[in-house]
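To start, the structure itself, in structure tokens.
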Amino acid sequence: MAYNRQPNVVLAGMGLKQSPPASTVTPPGIVPVTLDADIASTTSLGVIQVGTGLSITPAGVLSATGGGSSLLNVKLVAADYTATLDDYYIGATKKNITITFPKGVVGKVYIVKNQPEGNIKVKGTGENLDQSGDKTLGTEASLIAVFAGTRWNLV
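Converting from the sequence shown to our numbering requires adding 2 to each position, the first position being numbered 1.
Structure follows, in structure tokens:
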């Protein structure tokens, strides 16, 4: 599979296309695929844009750009709740409930806030929160948890 453009020329709006075209190899296996659309384009500053979410500068710096809202998912809960990967802020609106983090994914962050008077419990699914299996948050207390590969680190 090859991607080509004019040698040593990077022009705004120019795109890279795959060649040769797809083949019809039988029996099925590893088959070259043709992309009918540009897979990347360049800006007037020489920045290569890959789709709508990545760019590569002429110096080779890869950046994630755009691709989503700056709003974070807020979940208010009044009963025991298991967080989803889409959640970010989880506010407990009732005392004596348990909020459980799902199996950890490296880099995932949760903010948990106990909004009412009384205690709530926060725990992981198979992973500790710092050195403990769970944490109790008192009235108006909060925590930030970041999963670092083996446990939820509390900030």
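Virtual Cβ for every residue (Gly too), placed ideally from N, Cα, C.
| Query | Result |
| --- | --- |
| Going by beta-carbon coordinates alone, are residue 92 and residue 122 separated by less than 7 Å? | no |
| Whose C-beta lies closer than 8 Å to the C-beta of residue 2 among residues of the same chain, with five residues either side of it excluded? | Outside the shown range of the chain, which is 3 to 157, sits residue 2, and nothing can be said about it. |
| Kindly indicate the opening and closing residues of the beta strand (DSSP E) around residue 122. | 122-125 |
| Can you grab the Cα-Cα spacing for the pair residue 105 / residue 120, in whole Å? | 27 Å |
| Keeping to the same chain, check which residues put their C-beta closer than 6 Å to that of residue 141; ignore five residues upstream and five downstream. | 119 |
| Using the C-alpha atoms, what's the distance from residue 110 back to residue 5? | Confidence in residue 5 is poor, its pLDDT being 49 and thus under 50, which makes the residue's placement too unreliable to answer from. |
| Taking residue 74 as the reference, give the member of 83, 89 and 82 with the closest Cα. | 89 |
| Is the distance from the Cβ of residue 94 to the Cβ of residue 79 below 7 Å? | yes |
| Tell me where the beta strand (DSSP E) around residue 112 begins and ends. | 111-116 |
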